[in-house]
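Everything on this sheet refers to the single structure shown next.
Numbering (the numbering used here), first residue to last: 78 to 637.
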């Protein structure tokens with residue numbers, strides 16, 4: 078029954094067993110991993126956040142205590158008010174956190190510790206309120222005593238209870254981690270056992286499926302090897318209806334077809350040899366005429382290359398002249414630009430000189446006013462008598478300095494005026510030079526345009542001659558390729574004769590029974606003319622065509 082199953086059905090049965098085992102293994106692994114995930118989620122989502130909240134309460138208590146210590150040493154009312162506000166905010170945060178812990182804690186021990194925390198806190202908060210009241214009444218000494226002998230012990234008890242709660246949550250997390258680790262080890266062991274069982278069953282299924290396929294394949298390989306060795310006398314039996322049985326049936330039909338083909342090939346080898354000899358003779362005549370045409374095209378191509386070289390040299394000379402004219406135009410343009418910048422610079426110098434003259438005029442006015450003020454100060458010092466003598470000396474010095482500044486300003490003003498006149502004359506000369514440079518630039522540009530037109534015309538002439546030369550070269554190359562193709566065709570015809578003889582030798586290797594050998598047709602001697610015989614044998618000349626195709630492309634053969 079199994080022999081009649083197809084290979085696909087056998088493989089589907091084997092893979093179905095393997096897939097069922099994998100699904101079983103995956104399902105059990107999923108259940109165990111889901112349980113482990115619940116334990117981890119309980120530890121992460123329930124235990125750890127409680128420790129975070131308890132630590133935040135400890136932080137609030139410590140910050141409130143720090144604020145109480147701060148108010149004992151502070152004297153600024155605003156700072157004291159800020160610290161008292163911080164105490165109130167920390168107490169509110171701790172109250173909210175404790176309420177959150179009460180809601181999230183369900184186990185008895187945790188609730189017991191929270192009750193102890195609430196008891197200690199209920200004692201600590203009133204004492205803290207009393208401390209704040211003493212601070213508000215400015216009784217810091219009483220507040221100090223209250224803090225040291227009442228609040229500090231209560232705070233320590235408060236923090237101890239919070240530490241107990243954190244330690245309890247940590248213990249619970251450690252226990253949960255140990256349980257998760259043990260469950261992980263059990264899951265790993267179970268997966269390893271199931272994987273081993275699945276691997277063993279998969280191995281059994283694989284061996285069974287492999288043998289059911291490879292045994293018929295070995296028989297088919299034996300038949301194929303006998304056919305490859307030329308023995309076509311094998312008696313092939315088909316014992317199953319699966320794919321391998323169908324393959325054996327196909328081999329039996331192939332063997333019968335090969336017997337017929339070999340008999341027909343033996344009868345056609347002589348005809349092929351005769352046709353290849355006629356093709357070789359025609360190719361030799363065609364090769365001679367093609368070589369003559371190739372020599373004529375070679376001479377024409379040589380003349381065109383010389384003409385192309387001459388025109389190209391003229392175009393290169395025109396291009397160089399155009400480049401030199403363009404460079405001269407650029408140099409003239411840069412000179413004009415430089416002269417323009419010089420004109421602008423001279424204008425800027427003139428404007429700056431005028432500004433300097435104005436500034437020196439202002440300095441001269443200031444020196445004049447300073448001289449008057451110093452004179453007035455000397456008069457007032459003389460009226461003051463003996464008390465104003467020192468002031469009179471200073472006023473005299475200031476007057477001398479003002480007179481000297483006025484004199485220097487007048488000299489500088491005269492020099493600057495002379496410089497402005499000279500700069501104005503230079504600006505006029507530079508402007509004239511700029512106009513001259515612009516005329517030079519325009520003339521050079523006209524020369525550049527003319528040289529460009531000459532260069533363009535030479536390039537067009539060179540391109541046209543190059544196209545003609547390229548066409549002749551292509552014709553020469555095509556003729557050479559045709560000559561080569563003709564030679565290759567002749568060689569292919571000779572090769573066809575050799576291949577026909579070789580084919581006869583190869584076919585003689587096959588062993589046929591007496592009935593198959595008698596099917597071979599007798600040799601027919603051709604009685605038609607050579608051209609007609611060549612035309613009739615052209616469809617049988619495919620091997621020679623393939624040899625030519627390897628050495629040249631299809632386009633060259635069409636041109637030939």
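The beta carbon of each residue, even a glycine, is placed where N, CA and C say it ideally should be.
Proximity winner among the options, relative to residue i (alpha-carbon distances)
i, options, result
"residue 158", "214, 406 and 339", "214"
"residue 393", "91, 98, 414 and 539", "539"
"residue 528", "190, 403, 447 and 448", "403"
"residue 478", "445, 375 and 502", "445"
"residue 272", "104, 497, 489 and 288", "104"
"residue 398", "525, 259, 553 and 162", "525"
"residue 565", "359, 489 and 456", "359"
"residue 365", "339, 545, 563 and 209", "563"
"residue 405", "259, 484 and 519", "519"
"residue 284", "386, 88 and 567", "88"
"residue 438", "418, 484 and 465", "484"
"residue 199", "168, 330 and 212", "168"
"residue 508", "236, 553 and 417", "417"
"residue 351", "287, 481 and 571", "571"
"residue 499", "543, 430, 436 and 517", "430"
"residue 166", "385, 141 and 179", "141"
"residue 545", "248, 386 and 228", "386"
"residue 580", "481, 338 and 245", "338"
Reduced DSSP category for residue i - H, G, I as helix; E, B as strand; rest coil
i, result
"residue 553", "helix"
"residue 312", "coil"
"residue 417", "helix"
"residue 199", "helix"
"residue 306", "coil"
"residue 348", "helix"
"residue 616", "Reliability fails at residue 616, whose pLDDT of 43 lies under 50, so the model's placement of it is uncertain and the value that follows must be treated cautiously. Here residue 616 sits in helix by DSSP."
"residue 317", "coil"
"residue 151", "coil"
"residue 461", "helix"
"residue 410", "helix"
"residue 454", "helix"
"residue 184", "coil"
"residue 214", "coil"
"residue 95", "helix"
"residue 585", "coil"
"residue 83", "coil"
"residue 607", "Low local confidence applies: a pLDDT of 40 at residue 607 is under 50, so the model's placement there is unreliable, with the coordinate-based value given in what follows. In the structure shown, residue 607 sits in a helix (DSSP, three-state: H, G or I)."
"residue 89", "helix"
With 16 other Cβ atoms within 10 Å as the buried cut-off, status of residue i
i, result
"residue 349", "buried"
"residue 613", "Only weak support is given to the placement of residue 613: the predicted model assigns it a pLDDT of 41, under 50, and the value that follows is read from those uncertain coordinates. Result: exposed."
"residue 326", "exposed"
"residue 143", "exposed"
"residue 184", "exposed"
"residue 630", "The pLDDT assigned to residue 630 is 46, lower than 50, so where the model puts this residue is not dependable, and the model offers no usable value."
"residue 453", "exposed"
"residue 129", "exposed"
"residue 153", "exposed"
"residue 223", "buried"
"residue 341", "exposed"
"residue 493", "buried"
"residue 137", "buried"
"residue 573", "buried"
"residue 456", "exposed"
"residue 464", "exposed"
"residue 313", "buried"
"residue 458", "buried"
"residue 160", "buried"
"residue 269", "exposed"
"residue 299", "exposed"
Residue i at chain B interface by Cβ criterion, 9 angstroms
i, result
"residue 243", "Looking at the structure shown, chain B is missing, and only one protein chain is on hand."
- Given 8 angstroms as the limit, is there contact between the region 463-480 and the region 413-427, that is, 3 or more CB pairs closer than that? no
- Is the region 366-381 close to the region 557-569, with three or more CB pairs under 8 angstroms? yes
- Query: Between the region 146-156 and the region 217-234, do three or more beta carbon pairs fall short of 8 angstroms?
  - Reply: yes
- Message: I'd like to know if the region 288-306 and the region 315-323 are in contact, where contact means that at least 3 CB-CB pairs between them fall below 8 angstroms.
- Response: yes
- Query: Which ranges does the beta strand (DSSP E) cover as unbroken runs of at least 3 residues, wholly within the region 476-548, from first to last along the chain?
  - Reply: none
- Message: Quick test of the definition: if touching needs 3 or more C-beta pairs under 8 angstroms, does the region 242-257 touch the region 89-101?
- Response: no
- Taking one C-beta from the region 542-556 and one from the region 328-348 each time, how about it: are there three or more such pairs within less than 8 angstroms? no
- Message: I'd like to know if the region 184-193 and the region 230-247 are in contact, where contact means that at least 3 CB-CB pairs between them fall below 8 angstroms.
- Response: yes
- Message: For the structure I just gave you, are there three or more beta carbon pairs, one from the region 491-508 and one from the region 426-434, closer than 8 angstroms?
- Response: yes
- Query: Can you give, in chain order, each stretch of the alpha helix (DSSP H) that sits fully within the region 349-396 and has at least 4 residues?
  - Reply: none
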